[in-house]
Amino acid sequence: MSGVKVFVPRDAVALALGAERVAQAIVETARLRGIDIELVRNGSRGLFWLEPLIEVATAAGRIAYGPVAAADVPGLFAAGFPDGDAHALRLGAVEAMDWFAHQQRLCFARVGITDPLSVADYVAHGGYRGLQNALAMGAGDIVAAVTDSGLRGRGGAAFPTGIKWRTVLDAPGGASAVPAAPKYIVCNADEGDSGTFSDRMLMEGDPLCLIEGMTIAGVAVGATQGYIYLRCEYPHARRALDAAIANAYAAGWLGADIGGSGKRFDLELRLGAGAYICGEETSLLDSIEGRRGQVRFKPPLPAIKGLFGKPTVINNVISFASVPVILDQGAQFYRDFGVGRSRGTLPIQLGGNLKRTGLIEMAFGVTLRELLYDYGGGSHSGRPIRAVQVGGPLGAYLPERLFDTVVDYEAFAAIGAMLGHGGIVAFDDTVDMLEQARYALEFCAVESCGKCTPCRIGSTRGVEVVDRIRADVDREKNLALLDDLCNTLRHGSLCALGGLTPDPVISAIKHFPEDFARSAPSHRLD
Amino acid sequence: MHEETCNDFARRPKLESVLPDPVRTAVMQTIARNRDRAGALLPILHDLQDALGYVPPESLALIASELNLTRAEVHGVVTFYHHFRNAPPGRRVVRICRAEACQALGARALEAHAKHTLGIDFHETTVDGAITLEPVYCLGNCGCGPSVLIGDDDLRARVTPAVFDELVAAARAAT
């Protein structure tokens, strides 16, 4: 007989806030009190200000408590927490909370609910239904379903996923070709953008969903080998993926006979080594091949000539993890979420200086202001929110007057910004936008792969120009020079690192000119 | 001059013999574990750093010859990636996130505090050999910064300067 089911997240954020000690305290206290418990280490529900957020399964459903410290645990047991009884930290059902009630969780449907490493739990919660449908369909029909769903690459570039898959399907080779020639499925899990953590949460909280999505891609285009390229800064995700891949093999969902279909799909985890540029897809492919992660010229597209020179589907974690629900519920189901050409849902990540941070998955169409104030609760420091950066270190800085912008790809493009991977970072009014512009250029200098001169040299020169502006040396001339330099970077770089580094710089100057003026407080000469 | 160079080359000891035995053993073991993988170089370098704490520059020639690569190719790869070190680190590596989301919560002040109290810059080790300080660009903890990673996987959230001092004291005591 199993005991009371207690959920304590093993998500990196929960662990960073003390979840491991809480888990130990729960086991210890239950033992002392002679209460039989079954401890499940789930993913995070995405309400970071309440982490560690623990849950207990009761007759009336799951009841949450948080934020729980190890010292709270004896008191929780004394108050009857195993039965979901009252306590100062009791939150009730997570689904009933304001933060959660209006979310539409498709990709993150199981994150925080299931045991991430259990294949049985995954299947019990709808897992592998998408793959089973796919195995009964023709390759062209699978690709058509992905195309019809309107799914666009969630890594940042928003390229239609189905079109990419179609190109690889139509390329010569594949498992059924005679003689068979390899095609590859590659997952870009090099989530290096500051303010983004949805890939990490998905890989830690529901890694089998990513594995299923990649397997469906393999079946669709005739590839039998997949690679997940994970950044080495994510040790917790690495452990979860290692275990989940092993469990999927053991259960027959990876290997020579996936789901008893006679079809093969193998999957291997590869680690990055601290290079931001390897999040760019062609650099990533070079890195897997064992080389410096330098950007390739396109064409040829990776879909034609990708990993080891073979046709390759390369997608982001969230793109692959969106595929199982599309194949399970149908393209139309997914398409019905969203607005305009931005279909489906987006896992939005709230970070930086906000009272309530975490993950919200919902259809495109919510405004930045709603996210910052209704969800985020305003700034963590209590000061006014002055600037927001969306889409990582290459994203534009936006001022308050643009907070009514709707979260969809086109609306962001229209204001000279990009939605990217859906990461939103808020800054209060203590931020110095000249320093942020300088940092953007410094980051580009550190992370440039060195292939294009404007990016390799221009980033360092840019830092120097900003320093001269700060020191009030020929201010107007140097502002003009910075603008010119940014123009060169934008148009003279092969990839987004050099091409988009100007966005945070130019947007900072455009929207916050006072920070670049002589009277700016941080760099006044008097 | 030319003759001297040739003589130097002729006198140069065999690659393997310049490596201390433990390093040589570690290199050969990591190569044996990974050599059949496609694109084996990165997994080999990871394995080697996991085993030794760094990638010894004197091991690159052996890796190159085993993988049928040039020494320049291997050197190019090792030095491209920020993760790989060419010298042993201190007993604990402490990484401070420098990225924007952590900046919004005070990472710039934390970075200055860390460098000042430890008396070192990034990529340096304290004089007692206890702490190596490194920058990192995002640990995926963007909602609860400033973030610090101690050792390989001890992630910490909301690290104020005072919390940082406690973490460093604990890291010193543990090593």
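Going down the list, the sequences are from chains A and B. Going by this note's numbering, the letters in the first sequence line up with residues 820 to 1345, in that order. Going by this note's numbering, the letters in the second sequence line up with residues 22 to 196, in that order. Backbone N, C-alpha and C define an ideal beta-carbon position, used for all residues, glycine too. As the structure is a computational prediction, the values presented were derived from the model and not from experiment.
Worksheet entry | Local conformation of D175(B) per DSSP, three classes | In the structure shown, D175(B) sits in a strand (DSSP, three-state: E or B).
Worksheet item: Listed from N- to C-terminal order along the chain, which residues in the stretch 88-110 of chain B have their beta-carbon within a distance smaller than 7 Å of any beta-carbon of chain A?
Response: Those would be G97, V98, F101, Y102, H103, H104 and F105, in chain order.
Worksheet item: From the beta carbon of F978(A), is the nearest beta carbon of chain B less than 8 Å away?
Response: Between F978(A) and chain B, the shortest Cβ-Cβ separation is not below 8 Å.
Worksheet item: In chain A, which residues lie less than 8 Å from H67(B) when you measure between Cβ atoms?
Response: By Cβ distance, chain A contributes C1051, L1090 and A1092.
Worksheet item: Between R971(A) and N1134(A), what straight-line distance do the alpha-carbon atoms span, to the nearest angstrom?
Response: Whole-angstrom Cα-Cα distance: 10 Å.
Worksheet item: Since N1007(A) contacts E914(A) with CB under 8 Å, what's their CB separation in whole angstroms?
Response: About 31 Å separates the Cβ atoms of N1007(A) and E914(A), ruling out a contact at the 8 Å cut-off.
Fill in: Whole beta strand (DSSP E) elements within the stretch 908-968 of chain A, 3-residue minimum
With a minimum length of 3 residues, the continuous beta strand (DSSP E) runs that stay inside the stretch 908-968 of chain A are 909-911.
Discussion item. Let me make sure I understand the geometry here. Which of P901(A), A835(A) and T877(A) has the alpha-carbon closest to that of L869(A)?
Written reply: Measuring from the Cα of L869(A), the nearest candidate turns out to be A835(A).
Practice prompt. Can you pull the chain B residues whose beta carbon is under 8 Å from the beta carbon of Q1208(A), in chain order?
Written response: Under the 8 Å cutoff, chain B gives E121.
Fill in: Three-state secondary structure (DSSP) of D1247(A)
DSSP places D1247(A) in strand when its eight states are reduced to three.
Worksheet item: Below 8 Å, can you find three or more Cβ-Cβ pairs linking the stretch 168-183 of chain B to the stretch 115-131 of chain B?
Response: Because the criterion of three Cβ pairs below 8 Å is met, the stretch 168-183 of chain B and the stretch 115-131 of chain B touch.
Item to complete: Less than 8 Å between the CB atoms is what I'm expecting for F1127(A) and A59(B), so what's the real figure, rounded?
Response: By a beta-carbon distance limit of 8 Å, F1127(A) contacts A59(B). Their separation comes to about 7 Å.
Worksheet entry | Through-space distance from N107(B) to G1201(A), alpha-carbon basis | A straight line joining the alpha-carbon of G1201(A) with that of N107(B) spans about 44 Å.
Worksheet item: DSSP on R881(A), reduced to helix/strand/coil?
Response: Strand at R881(A).
Worksheet item: Contact check, V1142(A) vs G1045(A) under 8 Å by CB: the rounded distance?
Response: Taking 8 Å as the upper bound for CB-CB distance, V1142(A) and G1045(A) are not in contact here, some 13 Å apart.
Discussion item. Using C-beta distances below 7 Å, list every residue in its chain close to D902(A), excluding the 5 sequence neighbours before and after it, in chain order.
Written reply: Closer than 7 Å at Cβ, skipping near neighbours: T877.
Worksheet entry | Where D174(B) meets chain A, residues with beta-carbon distance less than 7 Å | Under the 7 Å cutoff, chain A gives P1054 and H1055.
Worksheet entry | Proximity to A82(B) [Cα-Cα], best of I141(B), V44(B) and L160(B) | In terms of CA proximity to A82(B), V44(B) leads the group I141(B), V44(B) and L160(B).
Fill in: Host alpha helix (DSSP H) of A977(A) (start-end)
That residue, A977(A), is in no alpha helix (DSSP H); it is neither H nor E in DSSP.
Worksheet item: Roughly how many angstroms separate the alpha carbons of A1067(A) and D149(B), rounded to a whole number?
Response: Rounded to the nearest angstrom, the two C-alpha atoms are 46 Å apart.
Worksheet item: What are the boundary residues of the beta strand (DSSP E) that C1097(A) is part of?
Response: Element bounds for C1097(A): n/a, residue is neither H nor E.
Worksheet item: A1039(A) and L1073(A) look like a contact to me (Cβ under 8 Å); what is the Cβ gap, rounded to whole Å?
Response: Not confirmed; about 16 Å, so no contact.
Discussion item. For F762(A), report the span of its beta strand (DSSP E) as first-last.
Written reply: Residue 762(A) lies beyond the residue range present for chain A, which begins at 820 and ends at 1345; the question has no answer from this structure.
Worksheet item: Less than 8 Å separating the beta-carbons of P1323(A) and Y1216(A)?
Response: If you check the CB distance, P1323(A) and Y1216(A) come in under 8 Å.
Discussion item. Here's the rule: buried if 16 or more other CB atoms are within 10 angstroms of the residue's CB, otherwise exposed. What is L1344(A)?
Written reply: Low confidence applies here, because L1344(A) scores a pLDDT of 46, under 50, leaving its location unreliable; read the following figure in that light. Classification for L1344(A): exposed.
Item to complete: Verify the CB distance criterion: does F1222(A) have a CB-CB separation below 8 Å to chain B?
Response: Look at F1222(A): its C-beta is not under 8 Å from any C-beta on chain B.
Worksheet entry | F978(A) classed as buried or exposed, judged by whether at least 16 other C-beta atoms fall within 10 angstroms | Label assigned to F978(A): exposed.
Worksheet item: Can a CB atom of chain B be found closer than 8 Å to the CB of R1343(A)?
Response: Note that R1343(A) has pLDDT 46, beneath the 50 cutoff, so the model's placement of it is unreliable and no number is given.
Worksheet item: Would you say L154(B) reaches chain A, if we count a Cβ-Cβ gap shorter than 8 Å as a contact?
Response: With 8 Å as the cut-off, L154(B) does not count as an interface residue toward chain A.
Worksheet item: Mapping DSSP to helix, strand and coil, what is E145(B)?
Response: In the structure shown, E145(B) sits in a strand (DSSP, three-state: E or B).
Item to complete: For I1107(A), go through chain B and note every residue whose CB falls closer than 9 Å to its CB, in chain order.
Response: Within chain B, the C-beta atoms nearer than 9 Å to that of I1107(A) come from A59, G60 and L63, in chain order.
Practice prompt. Count the C-beta pairs between the stretch 986-1003 of chain A and the stretch 132-139 of chain B that are closer than 8 Å, then say yes if the count reaches three, no if not.
Written response: Between the stretch 986-1003 of chain A and the stretch 132-139 of chain B there are fewer than three inter-stretch CB-CB distances shorter than 8 Å, so the stretches are not counted as touching.
Worksheet item: Would a check of beta-carbon distances place S1102(A) closer than 8 Å to chain B?
Response: No, its Cβ sits nowhere closer than 8 Å to a Cβ of chain B.
Item to complete: Output yes if chain B places a C-beta closer than 8 Å to the C-beta of D1012(A); else output no.
Response: Answer yes: the Cβ-Cβ gap between D1012(A) and chain B drops below 8 Å somewhere.
Discussion item. For Q1208(A), list the residues DSSP reports as bridge partners.
Written reply: Its beta-bridge partners are Y1216(A) and V1244(A).
Worksheet item: How long is the line joining the alpha carbons of A1075(A) and L950(A), rounded to whole angstroms?
Response: Taking the straight line joining both Cα atoms gives about 15 Å.
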